[in-house]
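Visitor: Sequence order for the protein chains is A and B. Numbering of the first sequence is given in our numbering, commencing with residue 135 and proceeding in unit increments. Numbering of the second sequence is given in our numbering, commencing with residue 135 and proceeding in unit increments. Here you go, one structure.
2 protein chains.
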Amino acid sequence: MGLNKKPVTGMKDILPEEMRIREYVQNVISETYSQYGFTRIETPCVENIENLTSKQGGDNEKLIFKILKRGEKLDVANATTEEQVVDGGLRYDLTVPLVRYYSNNSANLPSPFKALQMGNVWRADRPQRGRYRQFMQCDIDILGEPSNLAEIELILATTTTLGKLGFKNFQIRINERRILKAMAAYAGFAEDQYESVFITLDKMDKIGLNGVKEELIGNGFEAASVDKYLKLFEDQDNTAEGIRKLADTLGDFLDADIREGLIEIIDSVEATKQAKFDMVFDPTLVRGMSYYTGTIFEIAMPEFGGSCGGGGRYDEMVGRFTGQNVPACGFSIGFERIVLLLVESGFKVPGESEKKAYLIEKGIGKEKLCEIIAKAQKEREEGRQVLVVRMNKNKKFQKEQLTAQGYVSFEEFFSEANIK
Amino acid sequence: MGLNKKPVTGMKDILPEEMRIREYVQNVISETYSQYGFTRIETPCVENIENLTSKQGGDNEKLIFKILKRGEKLDVANATTEEQVVDGGLRYDLTVPLVRYYSNNSANLPSPFKALQMGNVWRADRPQRGRYRQFMQCDIDILGEPSNLAEIELILATTTTLGKLGFKNFQIRINERRILKAMAAYAGFAEDQYESVFITLDKMDKIGLNGVKEELIGNGFEAASVDKYLKLFEDQDNTAEGIRKLADTLGDFLDADIREGLIEIIDSVEATKQAKFDMVFDPTLVRGMSYYTGTIFEIAMPEFGGSCGGGGRYDEMVGRFTGQNVPACGFSIGFERIVLLLVESGFKVPGESEKKAYLIEKGIGKEKLCEIIAKAQKEREEGRQVLVVRMNKNKKFQKEQLTAQGYVSFEEFFSEANIK
Chain A
135 MGLNKKPVTG
145 MKDILPEEMR
155 IREYVQNVIS
165 ETYSQYGFTR
175 IETPCVENIE
185 NLTSKQGGDN
195 EKLIFKILKR
205 GEKLDVANAT
215 TEEQVVDGGL
225 RYDLTVPLVR
235 YYSNNSANLP
245 SPFKALQMGN
255 VWRADRPQRG
265 RYRQFMQCDI
275 DILGEPSNLA
285 EIELILATTT
295 TLGKLGFKNF
305 QIRINERRIL
315 KAMAAYAGFA
325 EDQYESVFIT
335 LDKMDKIGLN
345 GVKEELIGNG
355 FEAASVDKYL
365 KLFEDQDNTA
375 EGIRKLADTL
385 GDFLDADIRE
395 GLIEIIDSVE
405 ATKQAKFDMV
415 FDPTLVRGMS
425 YYTGTIFEIA
435 MPEFGGSCGG
445 GGRYDEMVGR
455 FTGQNVPACG
465 FSIGFERIVL
475 LLVESGFKVP
485 GESEKKAYLI
495 EKGIGKEKLC
505 EIIAKAQKER
515 EEGRQVLVVR
525 MNKNKKFQKE
535 QLTAQGYVSF
545 EEFFSEANIK
Chain B
135 MGLNKKPVTG
145 MKDILPEEMR
155 IREYVQNVIS
165 ETYSQYGFTR
175 IETPCVENIE
185 NLTSKQGGDN
195 EKLIFKILKR
205 GEKLDVANAT
215 TEEQVVDGGL
225 RYDLTVPLVR
235 YYSNNSANLP
245 SPFKALQMGN
255 VWRADRPQRG
265 RYRQFMQCDI
275 DILGEPSNLA
285 EIELILATTT
295 TLGKLGFKNF
305 QIRINERRIL
315 KAMAAYAGFA
325 EDQYESVFIT
335 LDKMDKIGLN
345 GVKEELIGNG
355 FEAASVDKYL
365 KLFEDQDNTA
375 EGIRKLADTL
385 GDFLDADIRE
395 GLIEIIDSVE
405 ATKQAKFDMV
415 FDPTLVRGMS
425 YYTGTIFEIA
435 MPEFGGSCGG
445 GGRYDEMVGR
455 FTGQNVPACG
465 FSIGFERIVL
475 LLVESGFKVP
485 GESEKKAYLI
495 EKGIGKEKLC
505 EIIAKAQKER
515 EEGRQVLVVR
525 MNKNKKFQKE
535 QLTAQGYVSF
545 EEFFSEANIK
């Protein structure tokens, strides 16, 4: 028949048990962020292909699922390149669509605009355990707020959400692209070398200080600069105090405003946080996307070797659409990783209503059936969950199955013939 | 720069106000259906192209957004047909993916399986007012239940949901594919003519009895058959009694079981319904999809000229994937139309928490800022929605804007310098 039971390569069917957790996490996210004044928005999953291939998305642009032109616009036989047959693509993140959305609708949006997006994105990555080609992203962004109030609110909202989901003892690691640059300048690297230096620095947690040193030297950087640079990372103090010390060393390479702005974020969050976590200054934090212009941050979760979300300030991206820059800062929560951690820890969704099952024997009369359904309707109106099903021949097995699905009580209804 | 602010043709950005209503409707649907024992599931938005072009989807198959092959599998220069460059497509409905999902996962699913799906589908239709190329569908389906308990539960769950959303005085119009066929057989049409006859019959509400007659005659059907057929629709009684009368006329062309099964659905729903609506027997109801095998039904909403959802029984579709038929029945609620009706009626989402805004003057000290944020955090913990923003120079205008967004109270915080 040509029908294929499997989902497409790298994507997955979500079974009821995981789905309950996903729905719960989405509800907690939506409720908590709305308390911080974020409003939900949605953009189409398909974007014009030019917007997806305009160098906003870094390596993700290589992984786009592209959509074929339709109708008269499509001429496969005479086409020689991909560009000729494609006009759209599935979004690979929620940031590019957000910036397009803001550029398109800003006249009808408040300023500052606090947006919450939850939606699927697609990347044709090599399939591997726990990573799928369709996955949910969950982003909050504040557009139009130049001050660090944006960062403070984003971090508080996200960490409060994580706390409500039961996570604790995690870290928010924070850095500043302009501190990264000041450190590189102080060491004597040229501006056009920064990105290459940062790509190596980003590997610090995997290859260590010596590994970074070897790679930088191997890449042809001067030993004097490399030594001066790496000395900055030795005995690093990860508190606000550490930022002050580092700033003293950097001297004129770093504006006092940048130092104070970052310290204010750390101190304000520490003073007002509702979840159990620590703010950690991490001068090795790079984050890959080239669009970041200021603060960058990441969630480090002890249960999970790696980041469970992150974000930063990207003040120049709206300008790519409108010609006029708008300050912007965002935080993307690692929805799929959080769900995975909850599923693996055997998380039970709290506050689910009592589940009852009515088993109805076959051959029951119409009037009796109406009575039973009316009873179920009444229980449902009172907030209970009632499953009305036909009784199977193997009733014991049926009840075992229902118990496994979380049904805690049963009522049985027999046809008149069998009662007599 | 090549960046385009507009969404792709035929798709739309969803603004905060509509989004609040969409989220509310989704929550009501999810909660209500779960009280009826439905569990949410999700399938990927992308399906293998063979599954989408296997004649399950009727005309929708002409409207598929197709996805380009990637990597070595793609050779545009040497390709001459669409098939050679495509391996997937965006789903055009939720029924084909559901049946694939069930076929793939049935070993891990309960029986009967009551599924709720809410998700986007895509159709490259000609863009027109109120119809978009990406839209949300919301389907409930029961797989593995051969008796009409499935129909009764589907109709009760859907109508209770509509009632909770404030809709009343609507109708559930119901018919049976096997009654449709019995009527055609009684009139003397040959079995291979049925589909053509039904396509014309489907236009009854637009062109009337005479229009249908003319079109059938015009299509070359025998006048005697056409007359005998159309006589069945004259003075039709739309109640259960009408089904009995029609069945008497049809005699041996219609099994008594089919008649009684349909009447039982109508009577049971009428006796136990929680919303204000009527069950209406409509022998002219056809519903286009060829996969229906038994009951078919539709929501007729007085506020909306046309159907706001529908469904039916499709007992033979799982067999297309697995070789073994499984009884199945589904109801798709017209999510986009319902949202449109609510938006147009000025619907206000009930039970939203009180919205408060804190306006903070620029230049406020760090300690003061921490105090203000701590206060906001406390209010949020108590369930209120608190927006913390910088005070604009034009404070009056800022407050007007916030009031328009639903903020009902304001607190203002000034920097020390200005208090003195």
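Using N, Cα and C, we set each Cβ at its ideal position, and we do this for glycine too.
Residues in its own chain within less than 6 Å of B/Met135 by CB, not counting five upstream and five downstream?
Guide: Bear in mind that a pLDDT of 48 at B/Met135, under 50, signals an unreliable position, so the number given afterwards is only what the model happens to contain. Its chain contains no residue whose beta carbon lies nearer than 6 Å to that of B/Met135 once the 5 sequence neighbours on both sides are disregarded.
Visitor: Near B/Lys407, which residues of its chain fall below 7 Å by C-beta distance, leaving aside the five closest residues on each side in sequence?
Guide: Leu290, Thr293
Visitor: What alpha helix (DSSP H) runs, 4 residues minimum, are completely inside the stretch 478-539 of chain B?
Guide: If we require 4 residues or more, the alpha helix (DSSP H) runs fully inside the stretch 478-539 of chain B come out as 500-515, 529-538.
Visitor: Just how far apart, CA to CA, sit A/Lys554 and B/Ile392?
Guide: Low confidence applies to A/Lys554: its pLDDT is 47, below 50, so where it sits in the model is not reliable, and the reading given next is rough at best. One C-alpha to the other measures close to 28 Å.
Visitor: Assuming A/Arg307 and A/Val414 form a contact by the criterion Cβ under 8 Å, report the distance between their Cβ atoms to the nearest whole angstrom.
Guide: Yes, they are in contact, since the Cβ atoms of A/Arg307 and A/Val414 sit about 5 Å apart, within 8 Å.
Visitor: How would you list, in chain order, the residues of chain A whose beta-carbon sits under 9 Å from the beta-carbon of B/Ala258?
Guide: Arg204, Gly205
Visitor: Name, going along the chain, the residues of the stretch 450-479 of chain B whose beta-carbon falls closer than 7 Å to a beta-carbon of chain A.
Guide: If the cut-off is 7 Å between Cβ atoms, the stretch 450-479 of chain B has Arg454, Phe455 near chain A.
Visitor: Taking the beta carbon of A/Asn194 as the centre, do at least 16 other beta carbons fall within 10 Å, making it buried, or is it exposed?
Guide: buried
Visitor: Bridge partners of B/Gln262, per DSSP?
Guide: B/Arg265
Visitor: Using 8 Å as the limit for Cβ to Cβ distance, is A/Leu137 near chain B?
Guide: yes
Visitor: May I have the straight-line CA-CA distance separating B/Asn372 from B/Leu186, to the nearest angstrom?
Guide: 37 Å
Visitor: Check whether the stretch 213-222 of chain A touches the stretch 208-226 of chain B, taking contact to mean three or more Cβ pairs, one atom from each stretch, closer than 8 Å.
Guide: yes
Visitor: Comparing C-alpha positions only, which one of B/Tyr236, B/Ala316, B/Ser245 sits nearest to A/Gln532?
Guide: B/Ser245
Visitor: Taking 8 Å as the CB-CB limit, is B/Val523 close to chain A?
Guide: Yes, B/Val523 lies at the interface with chain A (some Cβ there is under 8 Å from its Cβ).
Visitor: Please specify which runs of the beta strand (DSSP E), each continuous and at least 3 residues long, are wholly inside the stretch 339-425 of chain B, giving them in chain order.
Guide: 411-415
Visitor: Please report the distance separating the alpha-carbon of B/Leu555 from that of B/Gln262.
Guide: Only positions 135 to 554 of chain B appear in this structure, which leaves residue 555 of chain B out of reach.
Visitor: Give a yes or no on whether the minimum CB-CB distance between B/Pro150 and chain A is below 8 Å.
Guide: yes
Visitor: Do A/Glu310 and A/Thr429 have their beta-carbon atoms positioned less than 8 Å apart in this structure?
Guide: yes
Visitor: In three-state DSSP terms, what is B/Ser245?
Guide: B/Ser245: coil per DSSP, three-state reduction.
Visitor: Kindly give me the distance between the Cβ atoms of B/Cys442 and B/Ile399, rounded to whole angstroms, as I take these residues to be in contact under 8 Å.
Guide: 19 Å between Cβ atoms; not a contact.
Visitor: Who pairs with A/Ile430 in a beta bridge, going by DSSP?
Guide: A/Asn309, A/Gly446
Visitor: What would DSSP say about B/Glu279, mapped onto helix, strand or coil?
Guide: coil
Visitor: For the alpha helix (DSSP H) that contains B/Asn239, what are its first and last residues?
Guide: 229-239
Visitor: In angstroms with no decimal places, state the Cα-to-Cα distance between B/Ser240 and B/Val452.
Guide: 11 Å
Visitor: Let me see if you follow: with CB-CB separation under 8 Å, is B/Asp389 close to chain A or not?
Guide: no
Visitor: Quick check on DSSP: helix, strand or coil for A/Val542?
Guide: coil
Visitor: So, does the stretch 138-150 of chain A touch the stretch 169-181 of chain B, judging by three or more C-beta pairs under 8 Å?
Guide: yes
Visitor: DSSP puts A/Arg174 in a beta bridge; with which residues?
Guide: A/Leu250
Visitor: I need the DSSP call for B/Lys207, collapsed to helix, strand or coil.
Guide: B/Lys207 sits in a helix when the DSSP states are folded into three classes.
Visitor: By Cβ distance below 6 Å, which residues in the same chain neighbour A/Pro280 in space, the five residues on each side in sequence not counted?
Guide: Pro461
Visitor: Rounded to whole angstroms, what's the CA-CA distance from A/Leu224 to A/Ala258? Just pull it up for me.
Guide: 10 Å
Visitor: Under 8 Å, Cβ to Cβ, is there at least one residue of chain A near B/Leu288?
Guide: no
Visitor: In the DSSP output, what is A/Glu181 paired with across the bridge?
Guide: A/Gly223
Visitor: For B/Thr173 and B/Ala249, which I take to be in contact (beta-carbon distance under 8 Å), what is that distance rounded to the nearest angstrom?
Guide: Between B/Ala249 and B/Thr173 the Cβ distance is about 7 Å, and since that is below 8 Å, they are a contact.
Visitor: I'd like to know whether the C-beta of B/Leu283 is nearer than 8 Å to at least one C-beta of chain E.
Guide: No chain E is part of this structure, whose protein chains are labelled A and B.
Visitor: Does the beta carbon of A/Asp103 come closer than 8 Å to any beta carbon on chain B?
Guide: It is not possible to answer for residue 103 of chain A, since the shown part of chain A is limited to 135 through 554.
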